[in-house]
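For the sequence shown, numbering that gives the first Met the number 0 gives the first residue as 0, with consecutive numbering after it.
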Amino acid sequence: MTGQAKRAATVRAIDVAPRPPALAADAPAADAPPASQEQPAAAGLLAARLVAFDAQARAARLSLGGDEIEAALDEALSPAVLATALVRGERLVVQREGEGWVVLGALRTAPTPGVDEGDEFLIKARRVLVAAEHEFAIASGAASLVVRAQGLIETLAHDITARASGIHKIVGRIIRLN
């Protein structure tokens, strides 16, 4: 068996856990559907592809082992995670609970800002709040911006440029130039 065939067999074994062989007492009845038509049994967590989801209904349609299945979203899972997973083609972590499936989260395939190092991060939101108890700093090379809790803002750089398309106000009890 080639290395690629071994990897493919391993992936199939991970994606769909095999059922244990039936004992004579547990043998399916004659009118039971063939085993090939049954959905795969889950032994733990599985990876599935997201086909579509409804954020309002908290439901998703997934591709698992070549079949499409319906799943509910875990209560702690934000629908925004699924929207990103759908766009990026990320797999989801799913688990069988009772008679249904539950989506637990997404498998991240790229660095996460604040957790992993990366070449570039884009944080896109309507509003971003950064709260620091003592100090907040942004630094790049020899330039920095520091906001301190006691009401001090300090900018350090070789050159600083401030532009305004309208009024540019400088207000202070004392303004010191040089």
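Even for Gly, the Cβ is constructed at its ideal location relative to N, Cα and C.
Ala124 versus Ala79, Leu61, Leu44, Val50, residue with shortest Cα-Cα distance: Ala79
Where do the ends of the alpha helix (DSSP H) carrying Leu81 lie? 78 to 87
Every unbroken beta strand (DSSP E) inside the stretch 113 to 166 [3 residues or more]: 134 to 139, 142 to 147, 151 to 155
Length of the line joining the Cα atoms of Gly2 and Arg95: Reliability fails at Gly2, whose pLDDT of 45 lies under 50, so the model's placement of it is uncertain and the value that follows must be treated cautiously. Those two C-alpha atoms are separated by around 31 Å.
Cβ separation of Ala47 and Leu76, assumed to be a contact under 8 Å, to the nearest whole Å: Going by Cβ atoms, the distance from Ala47 to Leu76 rounds to 14 Å, so no, they are not a contact pair.
Rounded Cβ spacing between Val127 and Glu134 (contact assumed at less than 8 Å): Their Cβ separation, rounded to whole angstroms, is 18 Å, which puts Val127 and Glu134 out of contact at 8 Å.
As assigned by DSSP and simplified to three states, the class of Ala23: Confidence at Ala23 is low in this model, with a pLDDT of 41, below 50, so the placement of that residue should be treated as unreliable; the coordinate-derived value is given next. It is helical.
Beta-carbon proximity list for Asp25, same chain, < 7 Å, skipping 5 on both sides: Because Asp25 carries a pLDDT of 46, less than 50, the predicted location of this residue cannot be relied on, and the following value inherits that uncertainty. Contacts found: none.
Distance, Asp158 Cα to Gln149 Cα: 26 Å
From this set, Trp100, Arg107, Asp66, which residue's C-alpha is nearest Gly81's C-alpha? The sequence shown places Leu at residue 81, rather than the Gly named in the question. Answer by Cα proximity: Arg107.
Selected residue, minimal CA-CA separation from Val86, among Gln55, Gly140, Ala51, Glu132: Ala51
Inter-residue spacing [alpha-carbon to alpha-carbon] between Ile173 and Arg162: 22 Å
Using C-beta distances below 7 Å, list every residue in its chain close to Val129, excluding the 5 sequence neighbours before and after it, in chain order. Phe135
Three-state secondary structure (DSSP) at Arg60? strand
If contacts are defined as beta-carbon pairs under 8 Å, then Leu155 and Ser164 qualify, I think. What distance do you get, rounded to the angstrom? Going by Cβ atoms, the distance from Leu155 to Ser164 rounds to 26 Å, so no, they are not a contact pair.
According to DSSP, what are the bridge partners of Leu176? Answer is none; Leu176 lacks a bridge partner.
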